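K.L.:
There are 2 protein chains.
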Amino acid sequence: MKLAIIGAGTVGKSVAQLANSFGHTVVAVADSSSSVVNDSGITVAEALDTKQESGTIGDEDPEAALHADYDCLIEVTPTTLGTAEPAFSHIETALHRERHVVLGNKGPIAQRYSDVQKLADESAGTVQFEAAVGGSYAVISTIRDIGPDRVLGVRGVFNGLANFILSRMAAEGLGYEHVLAEAQDLGIAEVDPTFDVEGTDSALTCCILANVLADGRTEYTIDDVEVEGITGIQGSALKLAREDGRTVRLLGEARGDHLQVAPRIVPENSNLAVTGSQTVVELDLRDAGKLNVSSSATTSRDVATAILTDVNRLENR
Amino acid sequence: MKLAIIGAGTVGKSVAQLANSFGHTVVAVADSSSSVVNDSGITVAEALDTKQESGTIGDEDPEAALHADYDCLIEVTPTTLGTAEPAFSHIETALHRERHVVLGNKGPIAQRYSDVQKLADESAGTVQFEAAVGGSYAVISTIRDIGPDRVLGVRGVFNGLANFILSRMAAEGLGYEHVLAEAQDLGIAEVDPTFDVEGTDSALTCCILANVLADGRTEYTIDDVEVEGITGIQGSALKLAREDGRTVRLLGEARGDHLQVAPRIVPENSNLAVTGSQTVVELDLRDAGKLNVSSSATTSRDVATAILTDVNRLENR
Chain G
0 MKLAIIGAGT
10 VGKSVAQLAN
20 SFGHTVVAVA
30 DSSSSVVNDS
40 GITVAEALDT
50 KQESGTIGDE
60 DPEAALHADY
70 DCLIEVTPTT
80 LGTAEPAFSH
90 IETALHRERH
100 VVLGNKGPIA
110 QRYSDVQKLA
120 DESAGTVQFE
130 AAVGGSYAVI
140 STIRDIGPDR
150 VLGVRGVFNG
160 LANFILSRMA
170 AEGLGYEHVL
180 AEAQDLGIAE
190 VDPTFDVEGT
200 DSALTCCILA
210 NVLADGRTEY
220 TIDDVEVEGI
230 TGIQGSALKL
240 AREDGRTVRL
250 LGEARGDHLQ
260 VAPRIVPENS
270 NLAVTGSQTV
280 VELDLRDAGK
290 LNVSSSATTS
300 RDVATAILTD
310 VNRLENR
Chain P
0 MKLAIIGAGT
10 VGKSVAQLAN
20 SFGHTVVAVA
30 DSSSSVVNDS
40 GITVAEALDT
50 KQESGTIGDE
60 DPEAALHADY
70 DCLIEVTPTT
80 LGTAEPAFSH
90 IETALHRERH
100 VVLGNKGPIA
110 QRYSDVQKLA
120 DESAGTVQFE
130 AAVGGSYAVI
140 STIRDIGPDR
150 VLGVRGVFNG
160 LANFILSRMA
170 AEGLGYEHVL
180 AEAQDLGIAE
190 VDPTFDVEGT
200 DSALTCCILA
210 NVLADGRTEY
220 TIDDVEVEGI
230 TGIQGSALKL
240 AREDGRTVRL
250 LGEARGDHLQ
260 VAPRIVPENS
270 NLAVTGSQTV
280 VELDLRDAGK
290 LNVSSSATTS
300 RDVATAILTD
310 VNRLENR
């Protein structure tokens, strides 16, 4: 497929670098101030070098990428709250042009689910967003195949950085600030980790899952989620839990109208007690047991792989 | 969809009982000596009562079910080695009739992969077999969406009974024979658990995964798998491992031409150290991390749910 990549941060760059090996062609990449477009395929290495050297990826307006000759738009601009712009408008443009969209960005599905579905229903294009759920590969399609009404609830560890911090604090007996600084040094944490550690990112994942489970009957946004982050967790609490064979994880849960993100005590050998920067999603099924999907998908290449798998899915269906 | 269920053991019965709630209609069920067929839908409860009381499910020959007016054949007869009959012939009949097939039975894909693919290629029907891989829901389709050439290897705990026995032995310090008897009392183990504890069932799963990874370039059967079961595991070995924060799991692995099933020492907090009768499949991805899918799908209702999810998948694609 011909791909236009909107967003040239670490994930966008990785998608561009890996696209070829997945058998796809990149015809456009846009950053916030420019774009590079070539309908027969851009030279990815060259464009990324240009970006590295000059700070901008190409000579054209960013909008030019939205109007390139692509089959699928990859939306990987930074997630925003509220209107989920500019991602929402990017999706709108692609669907109006009858093109497919694959999202890395969580905003539009978490915040404007029915608006996105309406646009998709009126388009020959479809919207895929597996990669927006904790680097997962098939949780959304699995829920849809099982049937959303047969999934009683979903919970899990949705944020890799929060999990990295809690795991390290518990394993090494270190304090929150110390481990956060370490994660920033390792490049796991952004300079501003607020979205991750305050639970906002996990809350967006909750909304996405709740919206898929509700299947259009109702719609959830981040205002419906009760959110508590990990910044107040004391090393002493982790130590106490550990002595009892337990640990603390930042769990997100979506079950009916109950949407919550909060630190929770879980058994150390629980499927939810994934370590390091892993994430996990657990589906609680009617008439059946639980299904867990965990992923060590934390680097930008991991997320890019999940996104490109979603592109393949468009071809395989 | 209209379903014909071939095989009326615990899984076949559960599929029949749950089919309606998934929106499907059962038009035929066959056991080894008879069948019940009604092109507008059988009364499942009545047929299962008849089976309970008389030992046979209906008045017709078993073959009548194969020729009923179904959209999808559900193959859940007992798995056999070698020619994988009679399951293979059941698949052949359905595909010749341009109908879909969903397999619970591992035999045909593990033993005669290219024969099945050839029949499917020549048919308007397709063959789905997600439920044949450790009660999983989307491992096969995920491998196909990622691209088989990007999956470097697959390993995991493929057999729930073997895992139940090893977990119980380790947790309670009990011997193999004791825990096996307990599992038989609980109905988790068959009277003859050979397939499970000798590693044969896990080896068949290895073959299925290896065949999907090879994607037609080569073909594997159980003769290609080096197999060692759990019957020789001593409680003392588990105790030693535990003192070191480790445990023993019966792992299956498929990586290139290396196909192996054997007890392995793994860290207790490893994603592979699932407890009880859970199973787990771990995909090792090129350019990305590991993806784990674990399932507590052990009862016949769990497997039936996985099978009916596979039926839904036919409609959703």
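Residue numbers (numbering that gives the first Met the number 0), protein chains in the order written: chain G, 0 to 316; chain P, 0 to 316. Each residue gets a CB set at the ideal place from its N, CA and C atoms; glycine is no exception. Nothing here was measured: the structure is a model prediction, and the numbers come from that model.
Assign G54 of chain P to buried or exposed, taking buried as 16 or more other Cβ atoms, counted over all protein chains shown, within 10 Å of its Cβ.
P.N.:
Stepping through the second sequence from its first residue, residue 54 of chain P is reached at position 55. Here G54 of chain P is exposed: its Cβ has fewer than 16 other Cβ atoms, across all protein chains shown, within 10 Å.
K.L.:
Who are the near neighbours of K50 of chain G in its chain, counting only those whose CB is closer than 7 Å to its CB and skipping five residues on each side?
P.N.:
Reading the first sequence from its first residue, position 51 is the one you call residue 50 of chain G. Once the five neighbours on either side are set aside, the close Cβ partners of K50 of chain G are A7, D30 and I56.
K.L.:
When you compare the CB of V126 of chain G with every CB in chain P, is at least one pair closer than 8 Å?
P.N.:
To locate residue 126 of chain G, count along the first sequence from 1; it is residue 127. No, V126 of chain G lies away from the interface with chain P (no Cβ there is under 8 Å from its Cβ).
K.L.:
With H, G and I counted as helix, E and B as strand and the rest as coil, what does DSSP make of N270 of chain P?
P.N.:
Looking up residue 270 of chain P in the second sequence gives position 271. Of the three classes helix, strand and coil, the one that applies to N270 of chain P here is coil, per DSSP.
K.L.:
Starting from N311 of chain P, trace the alpha helix (DSSP H) both ways and give me its first and last residue.
P.N.:
Translated into positions along the second sequence, residue 311 of chain P becomes position 312. Start and end: S299 to N315.
K.L.:
What separation, rounded to the nearest whole angstrom, lies between the Cα atoms of N291 of chain G and D58 of chain P?
P.N.:
Translated into the one-based positions of the first sequence, residue 291 of chain G becomes position 292. Translated into the one-based positions of the second sequence, residue 58 of chain P becomes position 59. Spanning the two alpha carbons is a distance of roughly 42 Å.
K.L.:
Can you tell me whether DSSP reads V201 of chain G as helix, strand or coil?
P.N.:
Taking the first sequence and counting its residues from 1, the one referred to as residue 201 of chain G is at position 202. It should be pointed out that residue 201 of chain G corresponds to Ser in this sequence rather than to Val. In the structure shown, S201 of chain G sits in a helix (DSSP, three-state: H, G or I).
K.L.:
When you compare the CB of E267 of chain G with every CB in chain P, is at least one pair closer than 8 Å?
P.N.:
For the purposes of this step, residue 267 of chain G is taken as residue 268 along the first sequence, with counting starting at 1. At a cut-off of 8 Å, the C-beta of E267 of chain G has a neighbouring C-beta in chain P.
K.L.:
Expressed to the nearest angstrom, what Euclidean distance is found between the alpha-carbon atoms of D70 of chain P and D283 of chain G?
P.N.:
Translated into the one-based positions of the second sequence, residue 70 of chain P becomes position 71. Translated into the one-based positions of the first sequence, residue 283 of chain G becomes position 284. Distance between the alpha carbons of D70 of chain P and D283 of chain G: 29 Å.
K.L.:
Report the neighbours of N162 of chain P on chain G: residues whose CB is nearer than 9 Å to its CB, in chain order.
P.N.:
Position 163 of the second sequence, counting from 1, holds the residue named residue 162 of chain P. What N162 of chain P touches in chain G: nothing, since even the nearest Cβ is about 13 Å away.
K.L.:
Using the Cα positions of T230 of chain P and V260 of chain P, report the straight-line distance between them to the nearest angstrom.
P.N.:
The residue given as residue 230 of chain P occupies position 231 in the second sequence. The residue given as residue 260 of chain P occupies position 261 in the second sequence. If you take the alpha carbons of T230 of chain P and V260 of chain P, they lie about 13 Å apart.
K.L.:
Taking 8 Å as the CB-CB cut-off, is R241 of chain G touching chain P?
P.N.:
To locate residue 241 of chain G, count along the first sequence from 1; it is residue 242. So no, R241 of chain G is outside the interface.
K.L.:
For the region 284-295 of chain P, list every residue whose C-beta sits within 7 Å of some C-beta in chain G, in sequence order.
P.N.:
L284, D286, A287, G288, K289, L290, N291, V292, S293, S294 and S295
K.L.:
What does DSSP give as the partner residue(s) for Q277 of chain G in the beta ladder?
P.N.:
For this step, residue 277 of chain G is matched to residue 278 along the first sequence. Looking at the DSSP assignment, Q277 of chain G forms no beta bridge with any residue, so it has no partner.
K.L.:
Closest Cβ-Cβ distance between D191 of chain G and chain P: below 8 Å?
P.N.:
Here residue 191 of chain G is taken as the residue at index 192 of the first sequence, counted from 1. Chain P, which has no Cβ nearer than 8 Å to the Cβ of D191 of chain G, makes this no.
K.L.:
Could you name the residues that DSSP lists as bridge partners for S293 of chain G?
P.N.:
Reading the first sequence from its first residue, position 294 is the one you call residue 293 of chain G. Answer is G:V279 and P:N291, bridged to S293 of chain G.
K.L.:
Note down the Cα distance separating S295 of chain G from A46 of chain P, rounded to an integer number of angstroms.
P.N.:
In the first sequence, the residue the question calls residue 295 of chain G occupies position 296. In the second sequence, the residue the question calls residue 46 of chain P occupies position 47. Distance between the alpha carbons of S295 of chain G and A46 of chain P: 47 Å.
K.L.:
Are there 16 or more other CB atoms within 10 angstroms of the CB of K12 of chain G, so buried, or fewer, so exposed?
P.N.:
Translated into the one-based positions of the first sequence, residue 12 of chain G becomes position 13. Its Cβ being crowded by 16 or more others within 10 Å, K12 of chain G is buried.
K.L.:
Select from G:S33, G:R254, G:E227 and G:A15 the residue whose C-alpha is nearest the C-alpha of T42 of chain G.
P.N.:
For the purposes of this step, residue 42 of chain G is taken as the residue at position 43 of the first sequence. Closest option to T42 of chain G, Cα to Cα, is G:A15.
K.L.:
When you compare only the Cα positions, how much space is there between G244 of chain G and N268 of chain G?
P.N.:
Your numbering for residue 244 of chain G matches position 245 in the first sequence. Your numbering for residue 268 of chain G matches position 269 in the first sequence. G244 of chain G and N268 of chain G: Cα-Cα distance of roughly 8 Å.
K.L.:
At a Cβ cut of 7 Å, what residues of the region 142-157 of chain P count as close to chain G, listed as they run along the chain?
P.N.:
R143, D144, I145 and G146
K.L.:
Quick one: what's got a C-beta closer than 8 Å to E129 of chain P's C-beta in the same chain, skipping five residues either side?
P.N.:
Position 130 of the second sequence, counted from the first residue, corresponds to residue 129 of chain P. So the qualifying residues of the chain are S135, Y136, A137, V138, I139, S140, A305, T308, D309 and R312.
K.L.:
Looking at chain G, is there any beta carbon in it that lies within less than 8 Å of the beta carbon of A123 of chain P?
P.N.:
Within the second sequence, the letter at position 124 stands for residue 123 of chain P. No - not a single Cβ of chain G is within 8 Å of the one on A123 of chain P.
K.L.:
When the cut-off is 8 Å and only beta carbons count, does T304 of chain P lie next to chain G?
P.N.:
Counting from one through the second sequence, the residue named residue 304 of chain P turns up at place 305. Answer yes: the Cβ-Cβ gap between T304 of chain P and chain G drops below 8 Å somewhere.
K.L.:
With 16 other CB atoms within 10 Å as the buried threshold, where does T78 of chain P fall?
P.N.:
Stepping through the second sequence from its first residue, residue 78 of chain P is reached at position 79. So T78 of chain P ends up on the buried side.
K.L.:
Which bits of chain P does R316 of chain G rub up against, with CB to CB less than 7 Å?
P.N.:
Your numbering for residue 316 of chain G matches position 317 in the first sequence. Chain P residues near R316 of chain G: R316.
K.L.:
Taking C-beta pairs closer than 7 Å, name the residues in chain G that N270 of chain P reaches, listed in chain order.
P.N.:
On the second sequence, residue 270 of chain P is found 271 positions in, with the first residue counted as 1. Within chain G, the residues near N270 of chain P are S293.
K.L.:
Please check if any C-beta of chain G sits within less than 8 Å of the C-beta of R216 of chain P.
P.N.:
Taking the second sequence and counting its residues from 1, one reaches residue 216 of chain P at position 217. No - not a single Cβ of chain G is within 8 Å of the one on R216 of chain P.
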